[in-house]
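One structure below.
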Amino acid sequence: MEKYYPVVIAGGGPAGSACAKALSDQGINALVLERQPLPRHKCCSGVLMGQTQELLKKYFGGLPPESVYCKPKIINSKNIIGWTEKDGYFVYEWEIPKDGKAFSSDFLNIWRNKFDHWLLTQSGAIVKERSSFAGFSIDDDKLKIDVKQGGTKTQLECSYLVGADGGDSLVRNAFDPSFKERLNDLVVYQVYYKCLDSGEFKEGSWNIFLGVIGDCLASIHKKDDLLTLVVGAFRMKGGLKGLMKDFEDLLSDRFKMKLSDKVRSEGTAMNDMFLRGDFCFGGGRVLLAGEAAGLFYLNGEGISVAIDSGYRAGSAIARAIKGKVSAYDLYSSEIDDIKRHVGLCASRQTLIMGPPQGGPA
Ligand SMILES: Cc1cc2nc3c(=O)[nH]c(=O)nc-3n(C[C@H](O)[C@H](O)[C@H](O)COP(=O)(O)OP(=O)(O)OC[C@H]3O[C@@H](n4cnc5c(N)ncnc54)[C@H](O)[C@@H]3O)c2cc1C
2 MEKYYPVVIA GGGPAGSACA KALSDQGINA LVLERQPLPR HKCCSGVLMG QTQELLKKYF
62 GGLPPESVYC KPKIINSKNI IGWTEKDGYF VYEWEIPKDG KAFSSDFLNI WRNKFDHWLL
122 TQSGAIVKER SSFAGFSIDD DKLKIDVKQG GTKTQLECSY LVGADGGDSL VRNAFDPSFK
182 ERLNDLVVYQ VYYKCLDSGE FKEGSWNIFL GVIGDCLASI HKKDDLLTLV VGAFRMKGGL
242 KGLMKDFEDL LSDRFKMKLS DKVRSEGTAM NDMFLRGDFC FGGGRVLLAG EAAGLFYLNG
302 EGISVAIDSG YRAGSAIARA IKGKVSAYDL YSSEIDDIKR HVGLCASRQT LIMGPPQGGP
362 A
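Listed below in structure tokens is the structure:
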């Protein structure tokens, strides 16, 4: 007989951990399926902005332990510096007030593998790593979940499924395959270098380059003794490695930076659901949160909204289990402020150039 869990959450990132935390706060232990071995790396600049810090205090009882941060620990928003060929340097806005409330301008620099693992350990979830959500079917009032572990396929039963499995969500694809057909992928490539000379860039800053290399976004900032370089663009022929080379040449020729050994590289695909307001929050006994739902705030900042939507999804399920009401109705009626803020951020974003904004295709 299949093993039964009241709630199965696909994905052990911030959205999945926050969802599990809301459930365990109500005495329900969810199962988190995480595809990767833990702790896992995530392609990300790894900066906790002001709203994220507030949500961590609200839902997780405080900020993460010292072991999670890298140096410089604090990046003040005034030290996030944009640069364009035409205008030179300016202070780059990466977080705006939400519903009239402003947040701390001291942002925290973290390692995502350590931060996400800390969140997951705080969540109260039962965690199965190296276990991929692979599909689901509905059987009366239960969901049957297909799980892949290495070469083995198993099935679990649950009452609720949460898709917190990131931008390329399999839960979203299984729930409504039409989303996949109208997505534009924003592909991102990140490289960590040892740096011999920072050239024109001052310690503690985060530099953003706009429209410098075609329609590409590009940024650099320090994490301990490493410099992280990011380039991203809507999917194009030839991939991003050529753009990264152009970016490295720009840093060396124009800004006198000397890079040495490449320590690590990673890539990911985001998508443009947030730019088009084309969200997928699920339906019935399937809810989606975080990037899987299509949620980002300003300029691709997404940890805050992943935690907030994940916690609200878990809280709605807990109330549905106890009160025999619809989890989806509760969840969808309580996220208008999130949708509104995603829309406001999309209208003010300056990082991502490419397919036009507008309503769902
Ligand atoms: C280059 C870059 C820089 C960024 N910088 C920042 C930043 O500085 N600050 C910020 O706030 N945001 C930043 N973001 C955005 C942020 O990384 C995401 O919005 C955030 O991680 C979303 O959280 P999530 O839990 O929804 O998804 P994820 O963090 O992607 O977690 C999803 C999890 O699901 C797992 N998974 C996927 N498929 C399956 C499956 N089939 N079965 C089981 N598990 C599965 C994945 O392995 C992963 O662990 C950045 C994004 C990029 C690309």
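Residue numbers (the working numbering): 2 to 362.
Think of the CB as a built atom: it goes at the ideal place given N, C-alpha and C, for glycine as much as any other residue.
The structure presented is a predicted model; accordingly, all values stated were derived computationally and were not measured.
Is residue i close to chain B, meaning its C-beta is less than 8 Å from at least one C-beta of that chain?
i, result
"residue 60", "Here there is only one protein chain, and chain B is not present."
Roughly how many angstroms separate the alpha carbons of residue i and residue j, rounded to a whole number?
i, j, result
"residue 304", "residue 258", "30 Å"
"residue 337", "residue 155", "37 Å"
"residue 10", "residue 54", "23 Å"
"residue 89", "residue 252", "14 Å"
"residue 254", "residue 262", "18 Å"
"residue 210", "residue 228", "15 Å"
"residue 68", "residue 248", "31 Å"
"residue 222", "residue 82", "10 Å"
"residue 300", "residue 141", "42 Å"
"residue 232", "residue 49", "20 Å"
"residue 124", "residue 215", "42 Å"
"residue 321", "residue 15", "22 Å"
"residue 84", "residue 51", "23 Å"
"residue 333", "residue 72", "39 Å"
"residue 224", "residue 151", "33 Å"
"residue 198", "residue 219", "19 Å"
"residue 196", "residue 65", "28 Å"
"residue 352", "residue 70", "25 Å"
"residue 57", "residue 194", "30 Å"
"residue 93", "residue 29", "42 Å"
"residue 103", "residue 109", "16 Å"
"residue 344", "residue 278", "7 Å"
"residue 78", "residue 95", "8 Å"
"residue 179", "residue 260", "44 Å"
"residue 163", "residue 213", "39 Å"
Compute the beta-carbon to beta-carbon distance between residue i and residue j, rounded to the nearest angstrom, for a pair I have assumed lies under 8 Å.
i, j, result
"residue 97", "residue 346", "7 Å"
"residue 363", "residue 207", "Given a span of 2 to 362 for the chain in the structure shown, any question on residue 363 remains unanswerable."
"residue 107", "residue 40", "About 25 Å; that fails the 8 Å criterion."
"residue 339", "residue 287", "Residue 339 to residue 287, Cβ: 18 Å. No contact."
"residue 8", "residue 160", "7 Å"
"residue 128", "residue 121", "6 Å"
Apart from the five residues just before and just after residue i, which ones in its own chain have a Cβ nearer than 7 Å to its Cβ?
i, result
"residue 166", "11, 12, 134, 172, 293"
"residue 192", "230, 245, 263, 266"
"residue 136", "147, 175"
"residue 80", "205, 206, 207"
"residue 316", "23"
"residue 149", "133, 135"
"residue 105", "51, 54"
"residue 138", "145"
Residues in its own chain within less than 6 Å of residue i by CB, not counting five upstream and five downstream?
i, result
"residue 27", "319"
"residue 342", "99"
"residue 284", "329"
"residue 297", "275, 303"
"residue 126", "21, 31, 33"
"residue 236", "186, 188"
"residue 35", "13, 130"
"residue 5", "158"
"residue 269", "44, 189"
"residue 91", "83"
"residue 17", "10, 33, 165"
"residue 308", "15, 19, 56"
"residue 61", "123"
"residue 217", "232, 234, 244"
"residue 349", "none"
Tell me which residues share the same chain as residue i and place their Cβ nearer than 8 Å to its Cβ, disregarding the 5 neighbours each side in the sequence.
i, result
"residue 256", "200, 201, 202"
"residue 323", "27"
"residue 335", "313, 317"
"residue 38", "130, 131"
Does the beta-carbon of residue i, which I'm using as the reference point, lie nearer than 7 Å to any heavy atom of ligand 2?
i, result
"residue 297", "The model on display carries ligand 1 but not ligand 2."
Every unbroken alpha helix (DSSP H) inside the segment 82 to 141 [4 residues or more]: Complete alpha helix (DSSP H) runs here, min 4: 113 to 123.
Validate contact between the segment 109 to 119 and the segment 41 to 49 using beta carbons, cut 8 Å, 3 pairs: Counting Cβ pairs under 8 Å, three or more are found: they touch.
Cβ pair count under 8 Å reaching 3, the segment 287 to 295 against the segment 160 to 175: Counting Cβ pairs under 8 Å, three or more are found: they touch.
At least 3 beta-carbon pairs within less than 8 Å: the segment 15 to 24 vs the segment 299 to 313: Contact holds: three or more Cβ-Cβ distances are below 8 Å.
Complete runs of the beta strand (DSSP E) confined to the segment 227 to 264 [at least 3 residues]: If we require 3 residues or more, the beta strand (DSSP E) runs fully inside the segment 227 to 264 come out as 227 to 235.
Any alpha helix (DSSP H) of 4 or more consecutive residues that is wholly inside the segment 167 to 200: Taking only runs of at least 4 residues, the alpha helix (DSSP H) segments lying wholly in the segment 167 to 200 are 171 to 176, 179 to 182.
Start-end ranges of the alpha helix (DSSP H) lying completely within the segment 258 to 345, minimum 4 residues: The qualifying runs are 274 to 277, 304 to 324, 328 to 334.
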